[in-house]
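Residue numbers (this note's numbering): 38 to 189.
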């Protein structure tokens, strides 16, 4: 099997919709934390044309006092922002490195727009495990691990 065929087959494994099973951060001392709670909810989608989208949230985010979407207080907005991760863009698979790179076109966190987010990947049955290189989170270098289950 040629290299292009192998890369295409690996990319095809990503295509579809995946539901978040778990999301945690490992700290240098080995401690694991759950930045959006142990019951974080999310979805990631990859299509055959090289596009992707991901949303992850803390399910217990409090509602705003106002029903107006732009009517939150600064404290409500801060809590809502801190409990949600969302971005979309293109993706490419590097089978040799075992990575998928998300090329961010739009993101809740503006610093990621126009940047690449590299993730190490592993498939296990109907699961896709994505892990980050060390990232700065709440002032510490941590490694994120996200386990996704195929839904479609």
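Every residue gets a Cβ at the ideal spot worked out from N, C-alpha and C, and that includes glycine.
Open item on the list: If you follow the alpha helix (DSSP H) that residue 115 is in, where does it begin and where does it stop?
Closed with: For residue 115, the enclosing alpha helix (DSSP H) starts and ends at 111–119.
Task: Own chain residues within Cβ distance below 6 Å of residue 38, not counting five before or after - done: The predicted position of residue 38 is uncertain, since its pLDDT is 49 and thus under 50; no value can be drawn from it.
Open item on the list: Quick check on this structure: which residue in 130, 109, 59 has the alpha carbon closest to the alpha carbon of residue 85?
Closed with: Nearest to residue 85 by C-alpha distance, out of 130, 109, 59, is 130.
Task: Proximity of residue 117 and residue 138 at Cβ, strictly below 8 Å - done: For the pair residue 117 and residue 138, the CB atoms are not nearer than the 8 Å cut-off.
Open item on the list: One question on the structure: do residue 112 and residue 94 come within less than 8 Å of each other, judged by their Cβ atoms?
Closed with: For residue 112 and residue 94, no; Cβs fall outside 8 Å.
Task: Cβ-based burial, residue 114 [other Cβ within 10 Å; buried from 16] - done: Residue 114 is exposed by the Cβ-count criterion.
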